[in-house]
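Trainee: Quick one: structure below, then a few questions.
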Amino acid sequence: MGNRIDYGYLDGRHPYHRVGTGPRRLVVFPGLSDPLSGREPSRVVAELLANYYYRRYTDEYTVWVVSRPRGMPAGHTTRDMAADYAEVVADIGSASVLGLSMGGLVAQQFAADYPQLTRRLVLGVSGCYVGQEGAETLGRWSSWAERDEWREILLDSVAVTYSGYRSTLYPPLLQLVGGRFVPDPLVGSDVGVSCRACLDHDSRRRLGNIDAPTLVVGGAHDHFFTEEILRETVAGIPEGRLALLGGVGHGAFEERQATVDATVRRFLRGQTEAMARLD
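In terms of the working numbering, the sequence shown opens at residue 48 and continues consecutively.
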């Protein structure tokens, strides 16, 4: 049986892609690349999610990748975004939640405020606040967003995300094709609003309100969320666990996909260890 694929808008506001046929629900909150993508929901994206990013999940889970609303107001915080998500997740049904990067910031607020909707929580390359280097980067992106310099943000994001061969291969490729094949954001102001929300996020006093069993997965060399921040995040969550990957940074979910997927799937099944370093 092929993957079940669907896409469109939930409540008329949240773009989404749904893939998989599994009996369990996994809701994904995407990162800052989401408002930068410049794409409406489509079958092409759904196929990519089903056959690459979440191919190891689709037999066991129905995976909902749900974007934040387009046209967010100035000053919209990660907690406000969590409230937006609560409306659509209530319709989907309680689920395990995977928050990626900025999506993890929103997921922390979501799990703290809506425990009845959160079965298990995975924070992917995300911590309770953004570190100093990451904050400086987000400040640059915010300034570029005000001037519609999307290509600069894209190139800079690659430089601070990837390690190994990707860090040297991707930038010149993007220099070559970025201006021609990367569309502008659908709502440019969402990028600046998102950067500001990340910069203002500090959930240290709220981590204790997260009741759901939580796995934090990150790279030891993350530009935005250092190992120290990841450990601080885990320490503040009552049922928090850490899976730390050596040799990678913010691109850990892509660069170590097989290892990450296996770790996350074990956790979602309830097969958990207290803490692990995955070198």
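Think of the CB as a built atom: it goes at the ideal place given N, C-alpha and C, for glycine as much as any other residue.
Where do the ends of the beta strand (DSSP E) carrying A290 lie?
Mentor: Where A290 is concerned, the enclosing beta strand (DSSP E) stretches over G287 to L292.
Trainee: Rounded to whole angstroms, what's the CA-CA distance from Y132 to L83? Just pull it up for me.
Mentor: Taking the straight line joining both Cα atoms gives about 19 Å.
Trainee: Look at the alpha carbon of L73 and the alpha carbon of V264, and state the distance between them as a whole number of angstroms.
Mentor: Computed Cα separation, rounded: 16 Å.
Trainee: On a CA-only basis, which of I52, T273, E180 and G186 is nearest S89? Give me that one, please.
Mentor: When each option's Cα is compared against that of S89, the closest is I52.
Trainee: Which residues does DSSP pair with G265 in a beta bridge?
Mentor: The partner list for G265 (beta bridge, DSSP) reads L291.
Trainee: Counting pairs of beta carbons, one from the segment 121 to 139 and one from the segment 152 to 163, are three or more of them closer than 8 Å?
Mentor: Yes, the segment 121 to 139 touches the segment 152 to 163.
Trainee: Three or more C-beta pairs under 8 Å: does that hold for the segment 194 to 205 against the segment 164 to 175?
Mentor: Output reads no: the segment 164 to 175 does not touch the segment 194 to 205.
Trainee: Excluding the 5 residues flanking A121 on each side, which residues of the same chain have their C-beta closer than 7 Å to its C-beta?
Mentor: So the qualifying residues of the chain are V240.
Trainee: Name, in chain order, the residues that DSSP records as bridge partners for Q113.
Mentor: The sequence given here has Val at residue 113, not Gln. For V113, which the question treats as bridged, DSSP gives the partners Y63.
Trainee: Which residue comes first and which comes last in the beta strand (DSSP E) that contains A206?
Mentor: Element bounds for A206: not the beta strand (DSSP E) but the alpha helix (DSSP H), W197 to T208.
Trainee: Roughly how many whole angstroms lie between the Cα atoms of Y176 and N98?
Mentor: Taking the straight line joining both Cα atoms gives about 32 Å.
Trainee: Using the Cα positions of T68 and Y56, report the straight-line distance between them to the nearest angstrom.
Mentor: Spanning the two alpha carbons is a distance of roughly 19 Å.
Trainee: What whole-angstrom Cβ distance do H64 and V92 have, given they're in contact under 8 Å?
Mentor: That belief holds up - the Cβ atoms of H64 and V92 are roughly 6 Å apart, short of 8 Å.
Trainee: Between the alpha carbons of Q179 and G287, how many angstroms are there, rounded?
Mentor: So the alpha carbons of these two residues sit roughly 24 Å apart.
Trainee: Taking all protein chains shown into account, decide if A244 is buried (16 or more other Cβ within 10 angstroms of its Cβ) or exposed.
Mentor: So A244 ends up on the buried side.
Trainee: Could you check whether G296 and T208 sit closer than 8 Å to each other, using their CB atoms as the reference points?
Mentor: Cβ atoms of T208 and G296: closer than 8 Å.
Trainee: Look up G171 in the DSSP assignment and give the residues it is bridged to.
Mentor: According to DSSP, which records beta bridges pairwise, G171 is partnered with L147 and V264.
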